[in-house]
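To keep things clear, I will list the structure first and then write my remarks on it.
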Amino acid sequence: MEELLSLNKKKLGFGLMRLPKDSNGNIDEKRTAAMVDRFLSEGFTYFDTAYAYQGSEEMFRKTIGSRYSRDSYTIATKLPSGPLGEGASPEELFRTQLERTGLEYFDFYLLHSINSSNIKIFNECNAWEFGMKLKREGRIKHLGFSFHDTPEMLDELLTEHPEVEFVQLQINYLDWTSPRIQSEGVYNVARKHNKPIIIMEPVKGGILSMLNDDLTEPFRKLSDSTPASYALRYTASLDGILAILSGMSTEEQVEDNIKTFSPAKPLTDEEMKAIQEVKESIKQLQTIECTACRYCVPGCPKKIDIPSVFRMLNDEVIVSDKTKPKTDYMNMIQNGKNGRASDCIKCGKCEKVCPQKLPIRSLLSTAEAKLV
167 MEELLSLNKK
177 KLGFGLMRLP
187 KDSNGNIDEK
197 RTAAMVDRFL
207 SEGFTYFDTA
217 YAYQGSEEMF
227 RKTIGSRYSR
237 DSYTIATKLP
247 SGPLGEGASP
257 EELFRTQLER
267 TGLEYFDFYL
277 LHSINSSNIK
287 IFNECNAWEF
297 GMKLKREGRI
307 KHLGFSFHDT
317 PEMLDELLTE
327 HPEVEFVQLQ
337 INYLDWTSPR
347 IQSEGVYNVA
357 RKHNKPIIIM
367 EPVKGGILSM
377 LNDDLTEPFR
387 KLSDSTPASY
397 ALRYTASLDG
407 ILAILSGMST
417 EEQVEDNIKT
427 FSPAKPLTDE
437 EMKAIQEVKE
447 SIKQLQTIEC
457 TACRYCVPGC
467 PKKIDIPSVF
477 RMLNDEVIVS
487 DKTKPKTDYM
497 NMIQNGKNGR
507 ASDCIKCGKC
517 EKVCPQKLPI
527 RSLLSTAEAK
537 LV
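Have a look at this one:
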């Protein structure tokens with residue numbers, strides 16, 4: 167375990183999932199290149215992408231793989247369950263990933279977003295054996311998986327697959343005691359099995375970085391550090407952490423994260439108390455805990471941009487300008503490319519793939535009344 171942890175001494179990782187977009191909605195290559203340049207210039211080296219992140223693996227090739235020596239960074243990517251369930255072979259998907267990234271091997275390779283609804287797919291296509299074969303052949307260095315389910319299921323998986331070297335878990339201060347996400351429970355299971363942990367969603371898809379002044383008053387009483395900084399330092403205080411992923415979308419986020427991890431200072435008792443106060447205030451507002459992973463979007467038959475609808479609903483609660491969410495919603499649906507929240511036919515495809523286990527159909531049924 168210690169040997170693996172030593173591979174990433176500066177724990178901040180750059181998640182290539184929420185990269186900046188240009189006016190046409192495409193990933194902005196110039197801005198992305200500038201952001202990764204800044205990240206690498208400060209000695210940070212860990213990058214995270216996935217087959218399912220549209221355009222991400224290709225953007226890695228353009229901005230990192232083709233511009234930096236192979237020993238100057240580490241890269242993680244993931245094997246998706248969706249294409250496997252539709253008949254694609256693990257080898258076929260892996261070759262595509264090598265082509266997209268322009269690489270000969272990956273440092274970290276994960277079975278992506280394991281939960282009770284897709285574990286059968288990974289088992290039936292022998293994904294575990296395939297991963298070990300890749301390692302023996304030198305096409306990956308380390309095998310792991312990302313996980314969204316119960317501590318009990320994680321315990322079973324790590325018992326059945328001791329060959330797995332690390333796990334990627336959703337951990338943040340809002341989810342630590344959540345009965346749905348159970349961050350504390352899965353963290354403790356990973357520690358029991360002595361597996362290094364990669365943390366995803368430390369600011370919960372940006373929710374913990376975009377809180378209004380009323381919510382963050384406990385933080386501002388202590389310092390001028392950003393809400394995101396408090397959330398990241400919370401996760402950095404945990405033991406056994408290989409990397410903490412931040413899906414950076416702006417230059418400002420890169421700078422703030424660099425500052426936070428240079429170095430990441432342990433939280434004081436007063437700061438922990440402030441986090442608890444903020445956490446309780448957020449819970450009282452009953453915000454929708456959507457992280458905008460967008461796993462729900464491709465399968466929606468009515469083309470509803472579910473994460474955007476939920477973001478607007480959250481904005482309506484936590485931001486000061488109450489007219490902005492309504493304006494954003496009307497702008498989103500007016501050209502007909504995105505369905506209205508009220509178009510939902512309750513098919514449930516979205517809920518089957520939601521890592522946060524949100525009652526999406528129920529939430530959509532009341533969304534339009536608040537946004538129109």
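Residue numbers (the numbering used here): 167 to 538.
We put the beta carbon where it would ideally sit given N, CA and C, even for glycine.
Between the segment 387-404 and the segment 181-196 there are fewer than three inter-stretch CB-CB distances shorter than 8 Å, so the stretches are not counted as touching. Between H308 and the set T316, T325, K361, C291, the nearest pair of CA atoms involves K361. Judged by their CB atoms, M201 and V420 are nearer to each other than the 7 Å cut-off. In the structure shown, the three-state DSSP call for S232 is coil. No Cβ-Cβ contact shorter than 7 Å links Y219 with T240. About 5 Å separates the Cβ atoms of D471 and N504, confirming a contact at the 8 Å cut-off. A straight line joining the alpha-carbon of G465 with that of F226 spans about 26 Å. Annotation note: the segment 365-445 contains the following uninterrupted alpha helix (DSSP H) runs of length 4 or greater, listed N- to C-terminal: 383-386, 393-402, 417-426.
The alpha carbon of G304 has as its nearest neighbour, out of L269, N284, Y217, the alpha carbon of L269. Between the alpha carbons of T382 and V444 lies a distance of about 6 Å.
The alpha-carbon of Q263 is positioned some 23 Å away from that of F205. Under the Cβ criterion (8 Å, minimum of three pairs), the segment 358-373 counts as touching the segment 403-410. At least 7 Å separates the beta-carbon of L374 from that of P345. S349 and M438 have their alpha carbons spaced roughly 17 Å apart.
Setting aside the 5 residues that flank it on each side, P473 is surrounded in the same chain by C456, A458, R460, each with a C-beta closer than 6 Å to its C-beta; the list follows chain order. Residue pairing by DSSP puts F272 in a beta bridge opposite I306. For D237, the closest of G221, P249, I280, Y271 by C-alpha to C-alpha distance is Y271.
Unbroken beta strand (DSSP E) runs of no fewer than 3 residues, entirely contained in the segment 483-512, are not found. Taken in chain order, the complete beta strand (DSSP E) segments of 3 residues or longer contained in the segment 306-340 are 306-313, 332-336.
When secondary structure is reduced to three states using DSSP, F288 falls in the helix class. By the neighbour-count criterion, in which a residue is buried when 16 or more other Cβ atoms sit within 10 angstroms of its Cβ, E223 is buried. Just measuring C-alpha positions, the residue of T416, I448, S403 sitting nearest P432 is S403.
DSSP places D214 in the uninterrupted beta strand (DSSP E) bounded by 212-214. In the DSSP annotation of this structure, the continuous segment of the alpha helix (DSSP H) that includes I526 starts and ends at 526-537. T243 and E258 have their C-alpha atoms spaced approximately 15 Å apart. Counting the other CB atoms within 10 Å of its CB gives I499 a total of 16 or more, which places it among the buried residues.
The residue among K358, I441, K523 with its C-alpha nearest the C-alpha of S389 is I441.
Taken through DSSP and simplified to helix, strand or coil, L185 comes out as coil. If you look at L245, you'll find it in the beta strand (DSSP E) that goes 240-245. In this structure, the alpha-carbon of T267 lies about 32 Å from that of F476. Residue range 515-519 is occupied by the alpha helix (DSSP H) that includes C516.
Counting only residues of its own chain and dropping the five nearest sequence neighbours on each side, K492 has a CB closer than 6 Å to the CB of L537.
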